[in-house]
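Data first, discussion second: the structure below is written as structure tokens.
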């Protein structure tokens with residue numbers, strides 16, 4: 230029983246971290262939606278009982294983080310966010326697998342030529358939305374290995390080898 234207690238504590242911490250990140254994303258999206266619906270920042274601030282400056286700063290952070298609307302049929306705006314929603318308990322495992330299997334992944338750039346010229350090449354990060362986000366979710370413990378394998382098998386745009 231003692232062996233599972235640390236694992237349970239880690240699971241709780243992982244869930245709390247996912248909720249914290251998702252809470253911030255949801256807050257940013259709600260502010261963006263309020264502005265897009267025509268509300269002024271001062272009116273939003275008054276309704277939330279915060280300063281207009283706080284609203285402005287949050288909107289700036291949302292823009293710099295590239296916060297986007299969630300596509301229809303998905304619970305997150307990226308594969309990693311969908312995995313976070315699962316880890317936070319917002320969606321169940323089957324739904325997470327369904328969404329990540331159906332995600333329209335962005336093809337990662339091929340750096341073969343650059344690597345053949347420069348063996349110590351510093352490669353730019355992959356663009357958002359690649360299958361690498363599923364790998365990152367697995368690496369961070371947001372999804373399990375069996376789920377990763379199912380998603381990998383189901384995805385047309387996943388890399389040929391994990």
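In the numbering used here, the protein residues as written are 230 to 391. Just so you know, even glycine gets a beta-carbon here, dropped at the ideal spot from N, CA and C.
Across the structure, residue 351 and residue 368 are spaced so that their CA atoms are roughly 22 Å apart. Excluding its 5 nearest sequence neighbours in each direction, residue 307 has C-beta neighbours in its own chain below 7 Å: 357, 358, 362, listed in chain order.
In this structure the segment 269 to 283 does not lie against the segment 325 to 339, because fewer than three pairs of beta carbons, one per stretch, are closer than 8 Å. When rounded, the separation of the alpha-carbon atoms in residue 374 and residue 380 is 10 Å. Just so you know, the alpha carbons of residue 324 and residue 262 end up roughly 26 Å apart. Listed in chain order, the alpha helix (DSSP H) runs fully inside the segment 258 to 300 are 270 to 277, 281 to 294, counting runs of at least 4 residues.
Under the three-state reduction of DSSP output, residue 363 falls in the helix class.
Cβ-Cβ distances below 8 Å link residue 270 to 264, 281, 284, 285, 288 in the same chain, with the five nearest sequence neighbours on each side left out; the list follows chain order.
Classified as buried, residue 314 has 16 or more neighbouring CB atoms from the shown chains inside 10 Å of its CB.
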